[in-house]
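Letter by letter, the sequence shown follows residues 25 to 196 of our numbering. In this text, a Cβ means the ideal position worked out from N, Cα and C, and glycines have one as well. On a predicted model such as this, the values are computed, not experimentally measured, just so you know.
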Amino acid sequence: LEENERDNVVDTPRPLPDFVIEEPVLSADRLTFGLSNRGHASITTPLLIRLQWTTTGGGQVGDFYEFEVLEPLAAGASYRFDSNNNTEVDNYISSPPDTEDRRSKKLGIYVDYHSSITEISEQNNETVVDRPQADLTITNLVLENGRTTFRMRNNGVVAVAQPFTIRFSWIN
Numbered sequence: 025l026e027e028n029e030r031d032n033v034v035d036t037p038r039p040l041p042d043f044v045i046e047e048p049v050l051s052a053d054r055l056t057f058g059l060s061n062r063g064h065a066s067i068t069t070p071l072l073i074r075l076q077w078t079t080t081g082g083g084q085v086g087d088f089y090e091f092e093v094l095e096p097l098a099a100g101a102s103y104r105f106d107s108n109n110n111t112e113v114d115n116y117i118s119s120p121p122d123t124e125d126r127r128s129k130k131l132g133i134y135v136d137y138h139s140s141i142t143e144i145s146e147q148n149n150e151t152v153v154d155r156p157q158a159d160l161t162i163t164n165l166v167l168e169n170g171r172t173t174f175r176m177r178n179n180g181v182v183a184v185a186q187p188f189t190i191r192f193s194w195i196n
């Protein structure tokens, strides 16, 4: 027997998962990212992922899209998501909302958006990736004998799928 039996117990926090989105890559028609469980507990319940187009300043543009990752995610394990294996996600990222000023320039990716699974940290459940853009540049502009010639180049990573207008104006 001991003098004080009450000091023989130590409270330790229960092991929790910790979800982190890693290495997101967004192209014109594909989204890939890693989903890791850096915690100390596995999960077997579906994990909700939310996608949301946003402005550069973080304002939401258009509707969000949510889907579930059904694979169990063991402590320390990771899962690689590829939208080519999910038609609905593929459709969502391939058709971003088109606003007048084309403000939807980023895609937010959120895991466990509603915080329905208790984790070590709820602060690392989201990331934002830039929307691929076209970047049109005019080079080799020559005005000669009433004729204008130039070269148009797209330095961006997305093809220009819609007609566009080129305006010329005189600068003093």
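I need the straight-line Cα distance from phenylalanine 43 to leucine 72, nearest angstrom please.
To locate residue 43, count along the sequence shown from 1; it is residue 19. To locate residue 72, count along the sequence shown from 1; it is residue 48. Cα-Cα distance, rounded: 11 Å.
Suppose the cutoff is 8 Å on Cβ atoms and the five residues either side in sequence are ignored; what does the same chain contact list for phenylalanine 174 look like?
For the purposes of this step, residue 174 is identified with residue 150 of the sequence shown, where counting begins at 1. The beta carbon of phenylalanine 174 sits closer than 8 Å to the beta carbons of Ile162, Thr163, Asn164, Leu165, Val166 from its chain, once the five residues preceding and following it are set aside; these are given in chain order.
Of the listed residues Val34, Leu59, Glu27, Ala52, nearest to asparagine 133 (C-alpha basis)
Here residue 133 refers to the residue found at position 109 when the sequence shown is read from its first residue. Reading off the sequence shown, one finds isoleucine at residue 133, where the question assumed asparagine. Taking isoleucine 133 as reference, the option from Val34, Leu59, Glu27, Ala52 with the minimal CA-CA separation is Leu59.
Is it the case that the Cβ atoms of alanine 52 and proline 156 are separated by a distance below 7 Å?
If you number the sequence shown from 1, residue 52 lands on position 28. If you number the sequence shown from 1, residue 156 lands on position 132. Against a cut-off of 7 Å, the Cβ pair of proline 156 and alanine 52 comes out as a contact.
Leucine 94 burial status per 10 Å Cβ neighbour count (16 or more: buried)
If you number the sequence shown from 1, residue 94 lands on position 70. Classification for leucine 94: exposed.
Buried or exposed: serine 107, going by 16 or more other Cβ atoms within 10 Å of its Cβ?
Walking along the sequence shown from the start, residue 107 turns up at place 83. It is buried - the Cβ of serine 107 has at least 16 other Cβ atoms within 10 Å.
Bridge partners for arginine 177 per DSSP, in chain order?
On the sequence shown, position 153 is the one that residue 177 refers to. Thr161.
Three-pair Cβ contact test at 8 Å for the stretch 134-144 versus the stretch 104-118
Short answer: they don't touch.
Does DSSP put isoleucine 190 in a helix, in a strand, or in coil?
Here residue 190 refers to the residue found at position 166 when the sequence shown is read from its first residue. Three-state result, isoleucine 190: coil.
Residue nearest to valine 153 in terms of C-alpha spacing, selected from Val33, Glu29, Thr69, Gly81
The count along the sequence shown starts at 1 and reaches residue 153 at position 129. Distances from the alpha-carbon of valine 153 to those of Val33, Glu29, Thr69, Gly81 put Gly81 closest.
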